[in-house]
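K.L.:
Residue numbers 1 to 78, in the working numbering, belong to the letters of the sequence shown in order. C-beta atoms are modelled at their ideal positions from N, C-alpha and C, and glycine is treated no differently.
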Amino acid sequence: YLGPDKATLEQRNNLASDLLFQWLNTPQALADFWKAQSPEIRQLMQGYVAGYNRSLAEQTAKGLPQPCAADWVRPIST
Numbered sequence: 001y002l003g004p005d006k007a008t009l010e011q012r013n014n015l016a017s018d019l020l021f022q023w024l025n026t027p028q029a030l031a032d033f034w035k036a037q038s039p040e041i042r043q044l045m046q047g048y049v050a051g052y053n054r055s056l057a058e059q060t061a062k063g064l065p066q067p068c069a070a071d072w073v074r075p076i077s078t
């Protein structure tokens, strides 16, 4: 969303960062990571996701300021 030449807060180049995360975030890697978590950690993650998504929906209904209303601000999942 921000372009290959922009940088993250950590000053990483977006293109290099995107390539790394594209490699890491394969369906198999994500499934393996999820299976490796204890039930307690899964519950914590699911609770965080539910709370984030609820807050996002509530704030969106009120009208988010820019850049919080940008396309990259969206619900998350486990």
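Whole angstroms are fine: how far does the CA of Ala-57 sit from the CA of Ala-31?
P.N.:
Position 31 of the sequence shown, counted from the start, is the residue given in the question as residue 31. Position 57 of the sequence shown, counted from the start, is the residue given in the question as residue 57. Answer to the nearest angstrom: the Cα atoms are 27 Å apart.
K.L.:
Pop quiz: Trp-23 and Thr-78 are said to be a contact at Cβ under 8 Å. What is the actual Cβ separation, rounded to whole angstroms?
P.N.:
Indexing the sequence shown from 1 puts residue 23 at position 23. Indexing the sequence shown from 1 puts residue 78 at position 78. The Cβ separation is near 20 Å, so there is no contact.
K.L.:
Where do the N-terminal and C-terminal ends of the alpha helix (DSSP H) with Ile-41 fall, by residue?
P.N.:
In the sequence shown, counting from the first residue as 1, residue 41 sits at position 41. It spans 39–62 - the alpha helix (DSSP H) in which Ile-41 sits, taken as one unbroken run.
K.L.:
Could you give the distance in angstroms between the alpha-carbon of Asn-13 and the alpha-carbon of Asp-71?
P.N.:
Residue mapping note: residue 13 aligns to position 13 of the sequence shown, counting from 1. Residue mapping note: residue 71 aligns to position 71 of the sequence shown, counting from 1. If I take the Cα positions, the gap works out to 20 Å.
K.L.:
Would you verify that the beta carbon of Phe-33 is, or is not, closer than 8 Å to some beta carbon of chain D?
P.N.:
Of the protein chains in this structure there is only one, and it is not chain D.
K.L.:
Could you tell me the alpha carbon to alpha carbon distance between Cys-68 and Ala-50, rounded to whole angstroms?
P.N.:
Taking the sequence shown and counting its residues from 1, one reaches residue 68 at position 68. Taking the sequence shown and counting its residues from 1, one reaches residue 50 at position 50. So the two alpha carbons sit approximately 19 Å from each other.
K.L.:
How far does the alpha helix (DSSP H) with Pro-27 in it extend, from its first residue to its last?
P.N.:
Counted from its first residue, the sequence shown places residue 27 at position 27. Element bounds for Pro-27: 27–36.
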